[in-house]
Amino acid sequence: MPGGVSSPVRAFRAVGGTPVVIAAGAGARVTDIDGREYWDYVQAWGPLIVGHAHPEVVRAVTNAARQGLGFGAPTPAEVELARLIVEALPSVARVRFVTSGTEAVMSALRLARAVTGRPLIVKFDGCYHGHADALLARAGSGLLTLGLPASPGVPAEVAALTVTLPFNDAESVRALFEARGEAAAVAIVEPVAGNMGVVPPAPGFLEELRERTSATASLLIFDEVITGFRLGWSGAQGRYGITPDLTCLGKIIGGGLPAAAYGGRADLMAQVAPEGPVYQAGTLSGHPLAMRAGAETLRLLRRPGAYERLEALGAALEAGLRDAAARRGLPLTINRVGSMLTPFFSPGPITDSPSAQRADTRAYARFFHEMLARGVLIPPSQFEAWFLSLAHDEVAVEETVRAADAALAQV
Ligand SMILES: *Cc1c(COP(=O)(O)O)cnc(C)c1O
71 MPGGVSSPVR
81 AFRAVGGTPV
91 VIAAGAGARV
101 TDIDGREYWD
111 YVQAWGPLIV
121 GHAHPEVVRA
131 VTNAARQGLG
141 FGAPTPAEVE
151 LARLIVEALP
161 SVARVRFVTS
171 GTEAVMSALR
181 LARAVTGRPL
191 IVKFDGCYHG
201 HADALLARAG
211 SGLLTLGLPA
221 SPGVPAEVAA
231 LTVTLPFNDA
241 ESVRALFEAR
251 GEAAAVAIVE
261 PVAGNMGVVP
271 PAPGFLEELR
281 ERTSATASLL
291 IFDEVITGFR
301 LGWSGAQGRY
311 GITPDLTCLG
321 KIIGGGLPAA
331 AYGGRADLMA
341 QVAPEGPVYQ
351 AGTLSGHPLA
361 MRAGAETLRL
371 LRRPGAYERL
381 EALGAALEAG
391 LRDAAARRGL
401 PLTINRVGSM
411 LTPFFSPGPI
421 TDSPSAQRAD
431 TRAYARFFHE
441 MLARGVLIPP
451 SQFEAWFLSL
461 AHDEVAVEET
471 VRAADAALAQ
481 V
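Residue numbers (my numbering): 71 to 481.
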């Protein structure tokens, strides 16, 4: 296994050392194979918003498993999850389930290119949308130049069809769409960036994007693979009041099992096979266990007070970390939206990829290991989001802040 892992960040390359090998998780805690326990802020990189092995989710999945592990046919569970998604997201009239966020994005892009008949994709520096070729592109030397491959194996011809703009820069959105908007099939964005560390949208940025894409009849995709059902029942689009044409979901909608989805306007989704000509399929799509886990997770989130509680926990953790850094005289910039946050080792502000990159990653690495030694597992990279769950509580936050206070003294 390259790096000893099944996905790169898990290998601890950004912080040094060897990965913690996890044996089990319950609620807000995980246990490694040596029996050490940690408060967990990775939470499977976002899906576990109700915590590890929530009894109701486990019961639902276990019951479903007894009924069979998959049929390659429609099941009631996928209908139920589809209903919940359509109910939650007014912009999503119809939805197609897939197996990973990467696949959701890839499929949504194909659909956008098909319906617009245009080749060009606009994305934003520091946003991650999975590892499809079209999105492993980085900015060329100028705003209006061709994109370059961000990984060997991505043909330059493919990368050239992707334009990368600076995140949070409404002016460059305006300039690009004025110059090349008629060629742009789609702009895709994480409405709250989570993959350069948490970076909220600047006022007016998402609005500009919505306006410009509409004006040129390009589509707008919100990649809500992290933010969907995390930042509120209606995700980031509900929180910021912007209606995208298409939305990509993943992580939380699988409740910890592999599920993702893309959905949006009814007329667009009607173009997807078999109703329309845009081909997309999947043997394990809408897998009954994942659909059950997702539906049960969403039902728990729909209970009154769930998002208020996540917000309060996030605020408490943010305040605690801020105080601890102030006590230690460290320049820590904490970006938080709801239950996702990143403390950047930088005086900030952190508003885009270049400012995030200026953070002191060595300080983060030392902090990571000091936290680990104190029983707190945070993401093994400065450029990832910490996630709180409904299983975290005041005790978890207090102990985490106490650990951070001591850890920061060693940084
Ligand atoms: C995780 C993530 C993806 C990719 O999802 P996978 O299931 O890992 O393929 C896409 N977009 C965003 C915003 C993500 O955070």
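Glycine residues also receive a C-beta, built at the ideal position from the N, C-alpha and C atoms. Computed from a prediction, not measured in an experiment: that's the story for all the values here.
Residue i in three-state terms, based on DSSP
i, result
"Met410", "strand"
"Tyr332", "strand"
"Leu179", "helix"
"Asn265", "strand"
"Thr470", "helix"
"Asp430", "coil"
"Val295", "coil"
"Leu139", "coil"
"Ile448", "coil"
"Arg188", "coil"
"Thr317", "strand"
"Ile312", "coil"
"Arg166", "strand"
"Ala443", "helix"
"Val348", "strand"
"Leu279", "helix"
"Phe82", "coil"
"Phe457", "strand"
"Leu301", "coil"
"Ala93", "strand"
"Gly325", "strand"
"Val342", "strand"
"Leu289", "strand"
"Pro356", "For the sequence presented, residue 356 should be read as Gly rather than Pro. Three-state DSSP puts Gly356 in coil, outside helix and strand."
"Leu483", "Past the boundaries of the shown model lies residue 483; the chain is included only from 71 to 481, so the question cannot be answered."
"Thr88", "coil"
Residue nearest to residue i in terms of C-alpha spacing, selected from the options
i, options, result
"Gly384", "Leu368, Asn405, Ala365", "Asn405"
"Gln350", "Glu469, Gly390, Thr169", "Thr169"
"Gly138", "Arg362, Pro78, Phe82", "Arg362"
"Leu458", "Val112, Arg80, Glu277, Met71", "Val112"
"Ser451", "Thr431, His462, Ala466", "Thr431"
"Ala474", "Gly445, Asp463, Val131", "Gly445"
"Ala272", "Ala285, Thr88, Phe237", "Phe237"
"Leu79", "Ala455, Arg300, Val471, Val467", "Residue identity check: residue 79 is Val in the sequence provided, not Leu. Comparing Cα-Cα distances from Val79 to each of Ala455, Arg300, Val471, Val467, the minimum goes to Ala455."
"Ala429", "Arg208, Leu400, Cys197", "Leu400"
"Leu411", "Asp293, Asn265, Gln341, Pro347", "Asn265"
"Glu468", "Ala389, Val348, Pro72, Gly418", "Ala389"
"Gly298", "Arg129, Ala331, Val127, Leu290", "Ala331"
"Gly105", "Pro117, Ala114, Val91", "Val91"
"Val228", "Arg373, Gly251, Glu378, Ala204", "Ala204"
"Met66", "Ser409, Leu231, Leu179", "Lying before the first or after the last residue shown, residue 66 is absent from the chain, which here runs from 71 to 481."
"Pro225", "Leu206, Ala240, Gly210", "Leu206"
"Pro328", "Gly116, Gly196, Gly73, Ala443", "Gly116"
"Gly320", "Arg335, Ala343, Ser355", "Ser355"
"Val192", "Gly346, Ser288, Trp109", "Ser288"
"Arg373", "Leu154, Val100, Gly334", "Leu154"
Integer-rounded CB distance, given that residue j should sit under 8 Å from residue i
i, j, result
"Leu279", "Val243", "6 Å"
"Ala477", "Phe437", "5 Å"
"Leu190", "Ala249", "The pair is not a contact, with the Cβ atoms about 11 Å apart (cut-off 8 Å)."
"Thr97", "Ala461", "Strictly speaking, residue 97 in this sequence is Gly, with Thr absent from that position. 4 Å between Cβ atoms; contact."
"Leu371", "Trp303", "7 Å"
"Ile258", "His199", "6 Å"
"Gly325", "Thr367", "4 Å"
"Glu294", "Gly305", "5 Å"
"Ser161", "Gln307", "6 Å"
"Leu246", "Pro261", "So it is not a contact: roughly 18 Å between Cβ atoms."
"Leu181", "Leu290", "About 13 Å separates the two Cβ atoms, so there is no contact after all."
"Leu391", "Leu402", "7 Å"
"Gly274", "Ala240", "5 Å"
"Cys197", "Ala114", "Between Ala114 and Cys197 the Cβ distance is about 21 Å, and since that is not below 8 Å, they are no contact."
Cβ neighbour criterion (16 or more within 10 Å) applied to residue i
i, result
"Gly217", "buried"
"Asn133", "exposed"
"Val223", "Checking the displayed sequence, the identity of residue 223 turns out to be Gly instead of Val. By the neighbour-count rule (16 or more Cβ atoms within 10 Å), Gly223 is not buried but exposed."
"Ser77", "exposed"
"Thr283", "buried"
"Phe141", "exposed"
"Thr421", "buried"
"Ala360", "buried"
"Met71", "exposed"
"Ala479", "exposed"
"Ser221", "exposed"
"Val465", "exposed"
"Pro419", "exposed"
"Glu173", "buried"
#### Entry: Segments assigned alpha helix (DSSP H), at least 4 residues, entirely inside the stretch 362-428
If we require 4 residues or more, the alpha helix (DSSP H) runs fully inside the stretch 362-428 come out as 376-398, 423-427.
### Message
Restricting to runs no shorter than 3 residues, where is the beta strand (DSSP E) found entirely within the stretch 191-274?
### Response
232-235, 254-259
### Task
Starting from the N-terminal side, write out each stretch of the beta strand (DSSP E) that is 3 residues or longer and does not extend beyond the stretch 98-128.
99-102, 107-110
### Query
Which residues have a Cβ closer than 5 Å to any heavy atom of ligand 2, listed in chain order?
Ligands displayed in this structure: ligand 1; ligand 2 is not among them.
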